[in-house]
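In order, the protein sequences belong to chains A and B. Start counting at 1 in the first sequence, then tack on 958, and there's your number in the numbering used here. Start counting at 1 in the second sequence, then tack on 958, and there's your number in the numbering used here. Each residue gets a CB set at the ideal place from its N, CA and C atoms; glycine is no exception.
Protein chains: 2
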Amino acid sequence: MPEIDVKDLIVDSATKFFSKYGFHKTTMDEIAKNIHKAKGVIYYYFRSKEELFREVLKKELDNVKTELSKIISSNEDYMTIIKQYFLTRLKLLSTAVNYHETLKADFFEKYNFVKDVRDDFAAYEYKQLLWLFTKGEKDGHLTINNMKSTVNVVMMLLSSIEFPLYLQNKYSEYESTIDELVTMITVSLRGMQK
Amino acid sequence: MPEIDVKDLIVDSATKFFSKYGFHKTTMDEIAKNIHKAKGVIYYYFRSKEELFREVLKKELDNVKTELSKIISSNEDYMTIIKQYFLTRLKLLSTAVNYHETLKADFFEKYNFVKDVRDDFAAYEYKQLLWLFTKGEKDGHLTINNMKSTVNVVMMLLSSIEFPLYLQNKYSEYESTIDELVTMITVSLRGMQK
DNA sequence: TATTTGACTATTATAGTTTTTTGGTCAGAT
DNA sequence: ATCTGACCAAAAAACTATAATAGTCAAATA
Chain A
959 MPEIDVKDLI VDSATKFFSK YGFHKTTMDE IAKNIHKAKG VIYYYFRSKE ELFREVLKKE
1019 LDNVKTELSK IISSNEDYMT IIKQYFLTRL KLLSTAVNYH ETLKADFFEK YNFVKDVRDD
1079 FAAYEYKQLL WLFTKGEKDG HLTINNMKST VNVVMMLLSS IEFPLYLQNK YSEYESTIDE
1139 LVTMITVSLR GMQK
Chain B
959 MPEIDVKDLI VDSATKFFSK YGFHKTTMDE IAKNIHKAKG VIYYYFRSKE ELFREVLKKE
1019 LDNVKTELSK IISSNEDYMT IIKQYFLTRL KLLSTAVNYH ETLKADFFEK YNFVKDVRDD
1079 FAAYEYKQLL WLFTKGEKDG HLTINNMKST VNVVMMLLSS IEFPLYLQNK YSEYESTIDE
1139 LVTMITVSLR GMQK
């Protein structure tokens, strides 16, 4: 019975290398060597390199989910929460480099093995936004006529700006514009009507 | 003294092949052969393959500019014009495949030789939106506190959704969502205030 | 029993070489 | 002024040889 879980050690080591060199340039051997183990032991805990990468990505996104959930359940006033949600969402994902890699991969090979993890994050976000907007309308902060399509639009928007922000590294360049954008979104949520 | 301008013939032929096969897979020889000319003649009218491609791209974008200008100067009511501008902008560019190629290239080599053409289009759009929004505010249709940053946000938005729409071919999938998005933008332009 | 090792293999990626294609030139023809 | 096609240097593609790596597994360890 080991003191520290070897599986965690592996994931940490993998995170280090995947983050620095990416999926393809990282070798299973260096991940193992880094924690003074033989390569074989990784396969005792993970079926494949792809599954290991998926685990790393999952942790990355789970971290974002955790932070976003904190914001949503905080007791700030409603409009602050909703603004903070967007800003934090964009900021935290800007450091999720393995997530960026899967985004970039959409243009070439496609990392199909991470589809479920990404779908899970999208499902999480859909749920949160749906709840947030529904609450906002009930409490009179927002005016939304079609709830589901509004959530879809916002999600399309969020995923669209990921390309310039994360793949073209315009996050810092756009930082002030992001703030404007978020303001714009909240304004339109507040004022939407037939 | 030729009946039809050979330069135009070349551009048309080039458009045909660039649109079908892209910049790299198109050869100067097939462009020339297609109009029963020798390759050399292209170099009488154009300095290089890159310049020829730039011409093709320019025509593609000039066409969009023309259509957008028509909309702006039409005598529909203001909110119709502004909605129509966005929808048409996104729709027309969805068929501009050579433009798509330059977008995609941003992730690899970069087609630096088309920078000026793209900058020109961006400058055109900035000018149009600035004029449109300024007019909209003067006539009481819009409420905008920072004109320039509003134009910048809208432009960031437009260029961001180009990635999923044109590079991941989600235009048809997103068509209804685009409509919602445009509505959302107009709502926020109408209702923006400190 | 649960975990770890490292030699082993089949596959894939990389480096190096040769061959082919292609962008661009130009002297001469129309 | 416009066009041709042979020509060249450079780049791309095809091909081969070599090295690196993902994944396996029988045996060792604890």
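Looking at chain A, is there any beta carbon in it that lies within less than 8 Å of the beta carbon of residue i?
i: B:M1142; result: yes
i: B:S1118; result: yes
i: B:G1149; result: yes
i: B:L1051; result: no
i: B:L1090; result: no
i: B:T1135; result: yes
i: B:L1045; result: no
i: B:P960; result: At B:P960, the pLDDT of 42 sits below 50, so the modelled position is not reliable; the number obtained from the coordinates is stated separately. No, B:P960 lies away from the interface with chain A (no Cβ there is under 8 Å from its Cβ).
Of all the CB atoms in chain B, is at least one closer than 8 Å to the CB of residue i?
i: A:M1037; result: no
i: A:Y1132; result: yes
i: A:D1064; result: yes
i: A:E1138; result: yes
i: A:M1105; result: no
i: A:V1014; result: no
i: A:N1110; result: yes
i: A:L1100; result: no
Below 8 Å on the Cβ atoms is my contact criterion, and I expect residue i with residue j to pass it. Report the Cβ-Cβ distance as a whole number of Å.
i: A:I1143; j: A:F1079; result: Incorrect: roughly 19 Å between the Cβ atoms, too far for contact.
i: A:V1109; j: A:L1139; result: Contact doesn't hold; Cβ gap of about 17 Å is too wide.
i: B:E1018; j: B:N1056; result: 5 Å
Going along chain B in order, which residues have a C-beta closer than 9 Å to the C-beta of residue i?
i: A:Q1042; result: Chain B residues near A:Q1042: none, gap ~19 Å exceeds 9 Å.
Kindly indicate the opening and closing residues of the alpha helix (DSSP H) around residue i.
i: B:S1107; result: 1105-1120
i: A:A1054; result: No alpha helix (DSSP H) holds A:A1054; DSSP gives it neither H nor E.
i: A:R1076; result: 1073-1096
i: B:A972; result: 964-983
i: A:D1064; result: Premise fails: A:D1064 is in no alpha helix (DSSP H) and is neither H nor E.
i: A:E1034; result: A:E1034 -> no alpha helix (DSSP H), and no H or E assigned at all.
i: A:I993; result: Premise fails: A:I993 is in no alpha helix (DSSP H) and is neither H nor E.
Output, in chain order, the set of chain B residues within a Cβ distance shorter than 8 Å of residue i.
i: A:F1121; result: S1118, F1121, P1122
i: A:L1048; result: Near A:L1048 there are no residues of chain B at all, since even the closest Cβ is about 12 Å away, more than 8 Å.
Under 7 Å Cβ-Cβ, which residues of chain A neighbour residue i?
i: B:V1075; result: Chain A residues near B:V1075: none, gap ~19 Å exceeds 7 Å.
i: B:L1125; result: F1065
Please compile the residues from chain B whose C-beta is within a distance smaller than 7 Å of the C-beta of residue i.
i: A:L1087; result: Correct list: empty, because the minimum Cβ distance to chain B is about 14 Å.
Can you pull the chain A neighbours of residue i, defined as C-beta to C-beta under 9 Å?
i: B:L1115; result: L1115, S1118, I1119, L1139, M1142
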